[in-house]
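> In my numbering, the protein residues as written are 397 to 756.
Virtual Cβ for every residue (Gly too), placed ideally from N, Cα, C.
For clarity, every value in this text was computed on a predicted model and none was experimentally measured.
Dumping the structure here so I can ask a few things about it.
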Amino acid sequence: MVRMPDDLRPSADDSRWAAVLARDPAPACGPFLYAVTTQGVFCRPGCPSRPPLRRNTRFFADVGAAEAAGFRPCKRCDPKGERAAIHAAAIRAACDLIEASETIPSLAVLADRVGYARHHFLRLFRDITGVTPRSYAESVRARRLSAALASGARVADAVAEAGFGSESRVYEDSARVLGMTPGSARRGGAGEVIRVALAESALGPLMVGATEAGVCFIGFGEDEAGLRGDVMQRFPKARIEDAPEELAETVRQVVAFVAEPKAALDLPLDLRGTAFQKRVWDALRAIPLGETRTYSGLAAEIGEPRATRAVARACAQNKVSLAVPCHRVVGKDGDLTGYRWGVERKRALLAGEKAGRGRG
397 MVRMPDDLRP SADDSRWAAV LARDPAPACG PFLYAVTTQG VFCRPGCPSR
447 PPLRRNTRFF ADVGAAEAAG FRPCKRCDPK GERAAIHAAA IRAACDLIEA
497 SETIPSLAVL ADRVGYARHH FLRLFRDITG VTPRSYAESV RARRLSAALA
547 SGARVADAVA EAGFGSESRV YEDSARVLGM TPGSARRGGA GEVIRVALAE
597 SALGPLMVGA TEAGVCFIGF GEDEAGLRGD VMQRFPKARI EDAPEELAET
647 VRQVVAFVAE PKAALDLPLD LRGTAFQKRV WDALRAIPLG ETRTYSGLAA
697 EIGEPRATRA VARACAQNKV SLAVPCHRVV GKDGDLTGYR WGVERKRALL
747 AGEKAGRGRG
């Protein structure tokens with residue numbers, strides 16, 4: 397191997413300068429700040445301002461070092477995060493108002509409450525929460541409705557308490573609001589049978605649950621009791637029946653996939669969620685074996701580039717691991733982030749799928 401002379405290797409400052417020119421918010425050379433001597437300010441490398449001349453640029457490791465040298469923070473890129481904190485507090489206040497309101501507050505009311513112009517407030521709300529104020533408010537109503545129905549309230553009373561104008565509006569769009577009809581949600585799975593089977597896998601105890609429509613649960617755990625609790629969480633009144641023989645082939649496919657993934661795990665599924673959740677789950681199933689996506693990338697793929705947080709929530713609410721491979725979504729920097737069944741399992745699944753793709 398030819399070794400490059402030390403005097404020809406790019407210096408740390410050369411790498412930082414390249415990041416400034418590229419406006420790279422997460423440069424490979426690591427975090428840093430740059431200051432412009434002619435303006436007296438310091439910025440993040442991703443600052444949208446026009447790049448300075450190289451001779452007028454200094455680099456610093458952190459805010460303290462830049463301020464100690466006499467520079468002040470840029471107002472555009474907010475390197476100290478002060479403006480971002482103010483914006484986040486304002487949006488939290490707006491969310492609190494939505495949560496406390498019986499009906500959906502108007503955009504004007506919300507913007508006035510936090511002291512922003514409507515268009516500016518709308519942009520901030522989308523950037524911070526990933527959804528519009530109305531979408532957030534609708535999710536709050538759906539959560540209230542779901543909780544009321546789960547407690548056994550009459551459908552008409554639950555609809556009124558949640559802030560919906562009429563039952564007909566809920567029934568007309570029940571798939572988007574609840575992922576099922578209000579009656580089904582109220583019954584909590586009463587009258588429904590979920591067959592389950594337990595098996596040992598390369599990643600520990602594994603349980604598969606299925607209704608007549610298809611597989612509704614695939615999950616890992618430390619013991620059988622915990623896994624049964626997960627199955628019953630969605631439908632607490634459903635009857636759970638052990639069915640190792642009926643589910644033997646499904647379990648065999650799942651266990652084999654965990655041991656040596658070679659192709660997509662294609663099973664009949666009973667997925668119950670809102671329209672948005674189902675869009676996310678469909679996008680997850682389209683990620684090829686051995687590949688990953690970021691949450692922001694997945695949001696862009698479904699045509700909702702600002703809904704990164706909403707996409708992350710939909711991934712977390714997925715009950716059918718492996719068949720709906722939420723483990724293939726990682727943080728922007730490649731970090732594995734959280735995983736319902738443990739980060740170590742996520743790491744092992746990704747490693748196994750990468751190797752499986754190589755064998756294919």
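Using a Cβ-Cβ cut-off of 7 angstroms (strictly less than) and excluding sequence neighbours within five positions of E642, which residues of its own chain qualify?
Excluding positions up to five away in sequence, the list reads R591.
> So if DSSP puts C473 in a beta bridge, which residue, or which two residues, is it bridged to?
In the DSSP output, where bridge partners are listed per residue, C473 has none listed.
> On a CA-only basis, which of R675, A682 and S717 is nearest A703? Give me that one, please.
Here the closest residue by C-alpha is R675.
> Which one or two residues does DSSP pair with L602 in a beta bridge?
In DSSP, L602 forms a bridge with A595 and F616.
> How big is the Cα-Cα spacing for F518 and L503?
What sits at residue 518 in the sequence shown is Leu, not Phe. L518 and L503: Cα-Cα distance of roughly 8 angstroms.
> Could you tell me which of G426, D420, A461 and P421 sits nearest to V437, measuring between CA atoms?
Out of G426, D420, A461 and P421, A461 has the C-alpha closest to the C-alpha of V437.
> For H516, count neighbouring C-beta atoms within 10 Å of its own C-beta (all shown protein chains included) and say buried if the count is 16 or more, exposed if not.
The residue in question, H516, is exposed, as its Cβ has fewer than 16 Cβ neighbours within 10 Å.
> Looking at chain B, is there any beta carbon in it that lies within less than 8 angstroms of the beta carbon of A486?
The structure shown contains no chain B; it holds only a single protein chain.
> Where does F438 fall in DSSP's three states?
Of the three classes helix, strand and coil, the one that applies to F438 here is strand, per DSSP.
> Would you give the residue range spanned by the beta strand (DSSP E) that F456 belongs to?
Element bounds for F456: T453 to F456.
> Strictly by DSSP, which residues pair up with R430?
The question names Arg, but residue 430 is Tyr in the sequence shown. Paired residues: C439 and F455.
> Taking 8 angstroms as the cut-off, decide whether the C-beta atoms of G442 and P469 are in contact.
Against a cut-off of 8 angstroms, the Cβ pair of P469 and G442 comes out as no contact.
> Please list, in chain order, all residues of the same chain as P664 whose beta carbon is under 8 angstroms from its beta carbon, the five residues on each side excluded.
For P664, where only same-chain residues beyond five positions count, the Cβ hits under 8 angstroms are A609, G610 and V611.
> Using DSSP with H/G/I as helix, E/B as strand and the rest coil, what is E656?
Coil at E656, not helix or strand.
> From which residue to which residue does the beta strand (DSSP E) around R635 run?
Looking at the DSSP string, the run of the beta strand (DSSP E) that includes R635 is R635 to D638.
> Is it the case that the segment 526-536 contacts the segment 494-503, given that we only count it when at least three CB pairs across the two stretches are under 8 angstroms?
Contact between the segment 494-503 and the segment 526-536 is present, because at least three Cβ pairs lie under 8 angstroms.
> Please confirm if the segment 727-740 is in contact with the segment 656-672, defined as three or more CB-CB distances below 8 angstroms between the two stretches.
Segments in contact, no.
> Which full runs of the beta strand (DSSP E) of 3+ residues lie inside the segment 660-721, going along the chain?
Counting whole runs of 3 or more residues, the segment 660-721 contains no beta strand (DSSP E) stretch at all.
> V416 bridges to which residues according to DSSP?
Looking at the DSSP assignment, V416 forms no beta bridge with any residue, so it has no partner.
> Hey, V650 and L602: beta-carbon distance below 8 angstroms or not?
Their beta carbons are under 8 angstroms apart, which means V650 touches L602 by this criterion.
> Whose CA, out of V725, P684, F672 and Q673, lies closest to the CA of S692?
Checking every option, the nearest Cα to that of S692 belongs to V725.
> Which one or two residues does DSSP pair with V726 in a beta bridge?
DSSP output for V726 lists T690 as bridge partner(s).
> What are the partner residues of V589, as DSSP defines its beta bridges?
For V589, which the question treats as bridged, DSSP gives the partners R635.
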